[in-house]
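Engineer: One structure follows; several queries about it will come next.
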Amino acid sequence: MATSLLERLEGLRNRFDEIADLIIQPEVIADQKRYVELGRQYKQLEKIMQVYKKYKTLTSNIAEAREILKEGGNDPEMTEMAKAELDDAEPQIAPLEEEIKILLIPKDPADAKNAVVELRGGTGGDEAAIFAGDMYKMYSKYAESKGWKQEVMDFNEGTAGGYKEIIFKLSGEDVYGTMKFEAGVHRVQRVPATETQGRVHTSAATCIVMPEAEEFDIYIDPKDIRKDTFCSSGAGGQSVNTTYSAVRLTHIPTGIVAQCQDERSQMKNFEKCMTVLRSRLFEMENQKRLEEEAQKRKSMVSTGDRSAKIRTYNYPQGRVTDHRIGLTLYNLADIMNGDIQKIIDELTIAENAEKLKEADE
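Here it is in structure tokens:
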């Protein structure tokens, strides 16, 4: 396997060198779409090249050590060093080959993008809105731990707290590729703050995760957009300001609507609104592709099904269960405080296992 893998990696090294040369060419820099795509490829290949160098050094050292032992000779010290080299290097090969296999799995181009996240209170009334607010805090703290930038696009507060709906953007490295696992229905079992009898209720909130679409990702004809402006309002419909700064955009061909009232400036709200609208249109196409891919490999991890119940947060037992992979953790307080990396890591491993199995078939 080592020889065929090295040959494949050598081919990728040639492509890496080619891209490194291309991205400094003026004509490529001038073509924004091509420049961004090449930059994405360069970043992905750079990770593979780091592992490739380590793998090449190891295989070379092993071959050299074996050659010394094969020849024998009268130098006991060299023989001992060769044996020590083999004992050190050989156990590293198999794990490194598995890591390379995973790195060689074709990446979804959208994984490297920023993400637009929508949280909505579902069944459960006021308690669902409160839980959507708790989820927003959870993702905010997780984003902080990752060093991602956060930006609220729009929100509609619940009457008893939390959010009926909140839309926010997360910017950083591989944000969509990380956050995509959070898409689906999140169920909570707890005694609501509004409950007087102390009974446990079951409520739900929906999480939608979309790759942020750049202008060159999807073209929107200005003639296909209807723009409406209105006064921003807070909880209970009270007027926040008396200027028509809030913006609602309707994409006429699809009926998709986006609105933003978070900024005082109509222009800033318009720009944010366009980001959400582009991302929703881009996600519509992405959703079709995800569903087709999921049907091919019967994926349990990222089917793209927004109605799928993916996780339950059980407060009386301090338990969180991800139903896709049967993972149960008993650190609910930490998870609600943003410590969700363990869950995402396990989901990533499960998805990679599916893809590797598909590649071997």
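Numbering that gives the first Met the number 0 puts the first residue of the sequence shown at 0, with every later residue one more than the last.
Beta carbons: idealized from backbone N, C-alpha and C, even for Gly.
Using the C-alpha atoms, what's the distance from Pro108 back to Gly365?
Structural biologist: No information on residue 365 is available, as it lies outside the stretch 0 to 360 that the chain covers here.
Engineer: If we ignore side chains and look at the alpha-carbon of each, how far apart do Ala19 and Asp216 end up?
Structural biologist: So the alpha carbons of these two residues sit roughly 23 Å apart.
Engineer: Does the region 250 to 270 come into contact with the region 193 to 212, if we say contact requires no fewer than three beta-carbon pairs (one atom in each stretch) closer than 8 Å?
Structural biologist: No: fewer than three Cβ pairs fall under 8 Å.
Engineer: Give the straight-line distance between the Cα atoms of Val174 and Val190, rounded to the nearest whole angstrom.
Structural biologist: Each residue's alpha carbon lies about 33 Å from the other.
Engineer: Give me the Cα-Cα distance between Asp227 and Leu248, rounded to the nearest whole angstrom.
Structural biologist: Those two C-alpha atoms are separated by around 6 Å.
Engineer: Can you check which of these residues, Leu331, Lys308, Ile309 and Gly325, is closest to Pro315 by C-alpha distance?
Structural biologist: Closest by alpha carbon: Leu331.
Engineer: Spatial neighbours of Glu117 within its chain, please: CB distance less than 6 Å, with the 5 preceding and 5 following residues excluded, ordered by chain position.
Structural biologist: So the qualifying residues of the chain are Ile166 and Ile207.
Engineer: Out of curiosity, what's the CA-to-CA distance linking Ala245 and Met266?
Structural biologist: If I take the Cα positions, the gap works out to 9 Å.
Engineer: Taking Cβ positions, are Ala81 and Leu68 nearer each other than 7 Å?
Structural biologist: Contact flag set, yes.
Engineer: Hey, could you find the ends of the alpha helix (DSSP H) Arg323 is sitting in?
Structural biologist: Counting along the chain, Arg323 falls outside any alpha helix (DSSP H), and DSSP gives it neither H nor E.
Engineer: Round the Cβ separation of Asp133 and Thr158 to the nearest angstrom and send it over; I've been treating them as touching at under 8 Å.
Structural biologist: Wrong, their Cβ atoms sit about 16 Å apart, outside the cutoff.
Engineer: To the nearest angstrom, report how far apart Tyr218 and Arg323 are at their CA atoms.
Structural biologist: Roughly 35 Å separates the two Cα atoms.
Engineer: Grab the span of the beta strand (DSSP E) containing Glu76 for me, first residue to last.
Structural biologist: No beta strand (DSSP E) holds Glu76; the alpha helix (DSSP H) holding it covers Pro75 to Leu103.
Engineer: At a cut-off of 6 Å, is Val50 close to the ligand FAD when judged by its beta-carbon and the heavy atoms of the ligand?
Structural biologist: The ligand FAD is absent from the structure shown, which contains no ligands of any kind.
Engineer: Where does the unbroken beta strand (DSSP E) through Gly183 begin, and where does it stop?
Structural biologist: Counting along the chain, the beta strand (DSSP E) containing Gly183 begins and ends at Gly183 to Arg189.
Engineer: Between Gly171, Ala203 and Ser139, which lies nearest to Glu211 when the distance is taken from Cα to Cα?
Structural biologist: When each option's Cα is compared against that of Glu211, the closest is Gly171.
Engineer: Which partner residues of Asp153 appear in the DSSP bridge assignment?
Structural biologist: Note: Asp153 sits in a beta bridge opposite Ile166.
Engineer: Which term fits Glu262, buried or exposed, when burial requires 16 or more other beta carbons within 10 angstroms of its beta carbon?
Structural biologist: Its Cβ being crowded by 16 or more others within 10 Å, Glu262 is buried.
Engineer: For Leu103, tell me which candidate among Glu70, Leu5, Glu164 and Gln260 has the shortest Cα-Cα distance.
Structural biologist: Looking at the Cα atoms, Leu5 is the closest of the given residues.
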